[in-house]
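Reading through the structure tokens given below for one structure.
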Amino acid sequence: MGRYLIEPFDRSDRYATESYQGAAGRNWWRCDPTLRLLMRRHLGDGYAWAEPRLDRLGELMGGLVAECAEETDRNPPRLEKYDKWGRDVSQVLMPPSFHTARQALMADNFTSPSFAGQARANGADPAALGAAWTYLLDQADIGMGCALGTGGDMVVSLAEKHAPPDVRDRVREIFANGFYSGEAAQLFTERTGGSDLAALETEAVPAGDAWLLTGFKWFASNANGSAFVVLARLPEGAVAPFLVLWERRDGSRNGVRIRRLKDKLGTRSVASAEVELAGAEAFLLAGEGSGSGLGTMMKLTNASRLGVAMMGVGVARRALVEALCYARAREAFGRPLIEQPLMRRKLGELIVEVEAAQAMVFDGHTGPRLRLAPALIKLRAARLGVTAATDAVEVHGGNGYIEQWPVARLLRDAQVNPIWEGGDNILCLDVRRAMLKERAHLPFLDHVRALATSDLVQTRVDDLTKAIEAWSALEHAAAEARLYPLAQFMADVYAAALLEDQATWGLDDGRKALVARLYAEAHLVDQGPLRGLDRPADDPFDELLAGAFSESGG
1 MGRYLIEPFD RSDRYATESY QGAAGRNWWR CDPTLRLLMR RHLGDGYAWA EPRLDRLGEL
61 MGGLVAECAE ETDRNPPRLE KYDKWGRDVS QVLMPPSFHT ARQALMADNF TSPSFAGQAR
121 ANGADPAALG AAWTYLLDQA DIGMGCALGT GGDMVVSLAE KHAPPDVRDR VREIFANGFY
181 SGEAAQLFTE RTGGSDLAAL ETEAVPAGDA WLLTGFKWFA SNANGSAFVV LARLPEGAVA
241 PFLVLWERRD GSRNGVRIRR LKDKLGTRSV ASAEVELAGA EAFLLAGEGS GSGLGTMMKL
301 TNASRLGVAM MGVGVARRAL VEALCYARAR EAFGRPLIEQ PLMRRKLGEL IVEVEAAQAM
361 VFDGHTGPRL RLAPALIKLR AARLGVTAAT DAVEVHGGNG YIEQWPVARL LRDAQVNPIW
421 EGGDNILCLD VRRAMLKERA HLPFLDHVRA LATSDLVQTR VDDLTKAIEA WSALEHAAAE
481 ARLYPLAQFM ADVYAAALLE DQATWGLDDG RKALVARLYA EAHLVDQGPL RGLDRPADDP
541 FDELLAGAFS ESGG
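Quick note on numbering: the sequence shown equals residues 1 to 554 in the UniProt record's numbering.
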């Protein structure tokens with residue numbers, strides 16, 4: 001029984017709070033058969049060692065971390081701009097709930113160097129376990145995922161190559177707990193926007209083996225981090241990345257000022273700020289005159305799109321679970337929502353779309369490093385996070401629009417994923433660049449063709465090959481305008497092939513073959529003049545549900 005008064009108008013138990021348990025409070029490892037399938041496949045003999053650790057992690061994410069996420073959303077970071085003497089301290093104060101969650105996550109960090117070493121010693125793939133860790137975290141709080149994972153790999157990689165020895169040692173100390181430690185931030189975006197480097201205004205001037213940066217960054221997430229990668233313009237006009245720390249080499253405060261924190265729609269657990277650089281000491285993260293640092297940084301930025309894609313699929317998975325739980329408890333017209341045909345259609349389609357995006361994201365993290373993959377995966381998964389959260393709000397009806405219920409925050413948070421690391425148009429331009437300059441579609445098509453098992457998907461790979469050839473012959477403006485449908489076609493075929501490959505693993509009694517068929521029918525089959533309404537009636541929902549959500553964790 002819940003801790004609430006029974007009022008005279010409570011004539012039934014239909015409004016009993018305890019009947020409406022959503023995702024929070026559950027073990028997210030045990031209730032996710034699709035994640036268990038992926039881990040059995042990717043971990044092999046290491047699964048036995050990893051399983052109890054994943055079980056503990058599922059309880060942590062669905063319990064303490066999810067609870068703290070709600071509290072942090074209600075009590076976001078604040079900026080303490082000046083000390084009692086009026087001196088600029090630019091200190092970001094995070095709420096206690098943030099620190100509680102971060103401490104628990106760092107104590108059970110699957111992305112740390114020490115955990116990776118243990119995993120390898122026990123025959124488990126650290127990349128797969130790291131992907132599972134971020135997947136579960138992103139279901140609880142993509143803001144925390146951003147706070148912990150913003151650019152740490154970029155800072156460490158570039159500092160190792162280009163920073164002076166004493167600065168490199170300092171970076172190693174800062175990131176002793178790994179890339180996912182919440183110590184990094186990226187200062188790219190200015191008031192002119194984040195994608196047009198030609199409009200960048202922050203200037204760098206040499207100062208011995210260091211540089212001094214002056215400029216204003218408009219949107220810097222994780223502003224309470226310790227190490228920033230900053231884009232600035234060299235005296236000759238080229239743009240390059242620099243490392244900026246809060247302290248100068250001599251230990252004094254560096255010329256970094258936080259003007260204000262952004263009052264954001266969502267992701268309130270990551271402090272985003274406007275940052276002024278006032279002669280800030282910085283170190284060039286590029287070989288002198290080579291531009292290699294910027295090229296390396298752009299590759300790392302492209303790779304970090306997989307992190308944002310994981311946020312999208314994490315939100316989508318959480319939205320799916322919330323929708324399923326609510327539809328089972330809520331009754332209308334004399335029976336639960338989940339028994340009604342239109343609701344079963346909506347939820348069934350959502351299950352298929354989430355598993356397709358999940359397949360893409362995990363392939364990006366654990367499969368071959370394909371140049372085209374990150375842009376295509378983010379294009380699909382980031383957008384799915386928004387549509388899945390929207391569906392979950394609709395399933396909840398008016399309750400979904402209320403902040404006391406869990407799905408309103410999911411929708412607010414999900415809206416940022418299509419923006420972070422490049423919007424849809426920027427991703428499409430990157431697809432074009434990869435095809436024209438690197439012929440990256442060739443290994444991508446080979447990969448997809450090797451995964452596909454049905455005549456339908458193999459035929460669509462052939463069609464995609466022809467589509468790319470036809471697109472290549474278009475005039476420049478027309479080719480750019482048609483990039484989006486081409487990229488969507490690529491994502492459709494990619495996801496369909498991945499699901500077909502999963503169906504060959506033999507780990508789920510043939511259910512993945514059903515998911516693969518339904519996805520292909522929705523995305524790759526010509527529906528005909530009747531839009532598929534003349535197809536034989538079937539209701540695969542119960543089989544889809546059994547493999548998508550488990551109460552017992554069996």
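The beta carbon of each residue, even a glycine, is placed where N, CA and C say it ideally should be. All values derive from a computational prediction rather than experimental measurement.
Check whether residue i and residue j have beta carbons under 8 Å apart
| i | j | result |
| --- | --- | --- |
| Ala-388 | Ala-316 | yes |
| Asn-27 | Gly-62 | yes |
| Ile-377 | Val-361 | yes |
| Ile-468 | His-447 | no |
| Ser-550 | Cys-68 | no |
| Leu-187 | Val-275 | yes |
| Gly-46 | Ala-119 | yes |
| Leu-148 | Gly-182 | yes |
| Ser-272 | Ala-223 | yes |
| Val-313 | Ala-280 | no |
| Val-229 | Leu-243 | yes |
| Val-431 | Leu-372 | yes |
| Ser-269 | Gly-151 | no |
| Gly-22 | Tyr-326 | yes |
| Asp-221 | Ala-185 | Contrary to the premise, residue 221 reads as Ser rather than Asp in this sequence. Yes; because the gap between Cβ atoms is below 8 Å, this pair is in contact. |
| residue 556 | Ala-124 | Nothing about residue 556 can be reported from this structure: the residues present for the chain run from 1 to 554 only. |
Separation of residue j from residue i, as counted between CA atoms
| i | j | result |
| --- | --- | --- |
| Thr-504 | Ala-127 | 22 Å |
| Gly-145 | Ala-481 | 33 Å |
| Ile-402 | Glu-70 | 13 Å |
| Thr-192 | Pro-336 | 51 Å |
| Asp-169 | Ala-16 | 57 Å |
| Trp-471 | Ser-97 | 51 Å |
| Trp-420 | Val-308 | 7 Å |
| Leu-436 | Asn-417 | 27 Å |
| Gly-554 | Arg-74 | For Gly-554, the pLDDT reaches just 46, beneath the cut-off of 50, and the residue's location in the model is therefore unreliable, leaving the point undetermined. |
| Ala-101 | Glu-322 | 21 Å |
| Gly-334 | Ala-546 | 24 Å |
| Asp-462 | Gly-422 | 29 Å |
| Ala-479 | Leu-379 | 18 Å |
| Phe-179 | Arg-172 | 10 Å |
| Asp-83 | Val-92 | 12 Å |
| His-396 | Thr-134 | 27 Å |
| Asp-534 | Glu-475 | 40 Å |
Where the beta strand (DSSP E) containing residue i begins and where it ends
| i | result |
| --- | --- |
| Gly-215 | 210-221 |
| Glu-551 | Glu-551 -> no beta strand (DSSP E), and no H or E assigned at all. |
| Pro-206 | 203-207 |
| Glu-274 | 272-284 |
| Ile-258 | 256-261 |
| Pro-241 | 239-245 |
Reference residue i; option with closest CA among the options
| i | options | result |
| --- | --- | --- |
| Gln-488 | Ala-319, Asp-424, Asp-526 and Ile-338 | Asp-424 |
| His-523 | Glu-551, Ala-497 and Asp-492 | Asp-492 |
| Tyr-497 | Phe-444, Ile-6 and Asp-526 | The residue asked about is misnamed: residue 497 is Ala in this sequence, not Tyr. Comparing Cα-Cα distances from Ala-497 to each of Phe-444, Ile-6 and Asp-526, the minimum goes to Phe-444. |
| Pro-165 | Ser-221, Asp-526, Ala-319 and Arg-249 | Arg-249 |
| Trp-532 | Pro-540, Glu-521, Asp-539 and Phe-541 | Looking at the sequence shown, residue 532 is not Trp but Gly. That would be Glu-521, whose Cα lies nearest to the Cα of Gly-532. |
| Leu-54 | Arg-78, Ala-373, Asp-542 and Trp-29 | Trp-29 |
| Asp-363 | Pro-113, Gln-340 and Pro-374 | Pro-374 |
| Gly-506 | Arg-40, Tyr-20, Pro-406 and Thr-390 | Arg-40 |
| Ala-240 | Ala-479, Asp-538, Pro-52 and Gly-287 | Gly-287 |
| Ala-477 | Val-461, Met-311 and Leu-429 | Leu-429 |
| Lys-81 | Leu-530, Arg-345, Ile-258 and Asp-391 | Ile-258 |
Endpoints, the alpha helix (DSSP H) within which residue i is located
| i | result |
| --- | --- |
| Ser-472 | 455-472 |
| Leu-342 | 341-366 |
| Gln-502 | 483-503 |
| Val-167 | 165-174 |
| Phe-9 | Looking at the DSSP string, Phe-9 is not in any alpha helix (DSSP H), and its letter there is neither H nor E. |
| Phe-228 | From DSSP, Phe-228 is part of no alpha helix (DSSP H) but of the beta strand (DSSP E) over 227-233. |
| Ala-184 | Per DSSP, Ala-184 belongs to no alpha helix (DSSP H); it is in the beta strand (DSSP E), 184-187. |
| Ser-157 | 152-162 |
| Phe-333 | Careful: Phe-333 lies outside any alpha helix (DSSP H) and carries neither H nor E. |
| Val-515 | 511-523 |
| Pro-33 | 33-43 |
| Tyr-4 | Here Tyr-4 belongs to no alpha helix (DSSP H), and DSSP marks it neither H nor E. |
| Ala-23 | No alpha helix (DSSP H) contains Ala-23, which DSSP labels as neither H nor E. |
Any non-hydrogen atom of the ligand ADP closer than 7 Å to residue i Cβ
| i | result |
| --- | --- |
| Ala-382 | The model on display carries no ligand, and the ligand ADP is accordingly not part of it. |
Any C-beta of chain D under 8 Å from that of residue i
| i | result |
| --- | --- |
| Val-270 | Any reference to chain D falls outside this structure, which holds one protein chain only. |
Quiz item: Unbroken beta strand (DSSP E) runs of length 3 or more, entirely within the stretch 63-148: which are they?
Solution: Correct list: 78-82 and 88-93.
Self-check item: Secondary structure, beta strand (DSSP E): runs of 3+ residues fully inside the stretch 378-453
Solution: Listed in chain order, the beta strand (DSSP E) elements of length 3 or more contained wholly in the stretch 378-453 amount to none.
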